[in-house]
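Numbering-wise, UniProt numbering puts 116 at position 116 of the sequence shown, and it's gapless, one number per residue. Cβ coordinates follow ideal geometry from the N, Cα and C atoms, glycine included. I have placed the structure first, in the form of structure tokens, so that the comments after it can refer back to it.
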Amino acid sequence: MKITVLISRILLGFLYLVFGLDYFFRFIPVQPIHPGVTGAFIAGLKGIGYFYPMMKVIQIVGGLSLMFNRYAPFSAVVLFPISLNVLLFHTILVPSGWLMGVFLFVPNVLLGIGWKKYYSGMFTAKAVVE
1 MKITVLISRI LLGFLYLVFG LDYFFRFIPV QPIHPGVTGA FIAGLKGIGY
51 FYPMMKVIQI VGGLSLMFNR YAPFSAVVLF PISLNVLLFH TILVPSGWLM
101 GVFLFVPNVL LGIGWKKYYS GMFTAKAVVE
């Protein structure tokens, strides 16, 4: 499991770092504009103004955290909803990109399994303040 966690951590960190930085520096060729509902969804998120920059900063910080193994279990939890959304977006709205969703979601799940001891406190049925 150590090798699986190591590979998942580096892969996920690298992908989030690269795609986060691409938003600000545009080094990956621009993808075609999506028509219909998909295009409206993306335009809405970009039109809000703060959402995309905030999400990309979270991706960059989370990617660096995973790559350097500093607060990595926390970053994996923070990045999980983004991974899930990318998987759903690329399987439901843009099925041709399903592999990208898998490359983000599966390593995130594997990290959750490998680091389950770090998450045990999060699954407390009823929290009590002492």
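- Pairwise C-beta distances place the segment 60 to 69 out of contact with the segment 112 to 120, as fewer than three of them are shorter than 8 Å.
- Note on geometry: alpha-carbon atoms of residue 106 and residue 91 lie some 14 Å from one another.
- Looking only at 73, 11, 44, 51, the smallest Cα-Cα distance to residue 117 is reached by 73.
- Pairing residue 40 with residue 123, the inter-Cα distance amounts to about 36 Å.
- For residue 9, the enclosing alpha helix (DSSP H) stretches over residues 2 to 25.
- Put simply, the backbone Cα of residue 87 is about 14 Å away from that of residue 16.
- Assigned with DSSP and collapsed to three states, residue 92 falls in helix.
- In this structure residue 104 touches residue 83 by the C-beta definition: roughly 4 Å separates them, less than 8 Å.
- In terms of Cβ geometry, residue 13 and residue 60 do not form a close pair [threshold 8 Å].
- With respect to the C-alpha of residue 100, the residue from 11, 4, 26 having the closest C-alpha is 11.
- Comparing C-alpha distances from residue 22 to each of 63, 44, 9 shows the shortest one belongs to 63.
- In the three-state reduction of the DSSP assignment, residue 49 falls in the coil class.
- In terms of CA proximity to residue 97, 32 leads the group 126, 55, 32, 130.
- Within its own chain, the residues whose Cβ lies closer than 7 Å to the Cβ of residue 38, once the five positions on either side in sequence are excluded, are 93, 94, listed in chain order.
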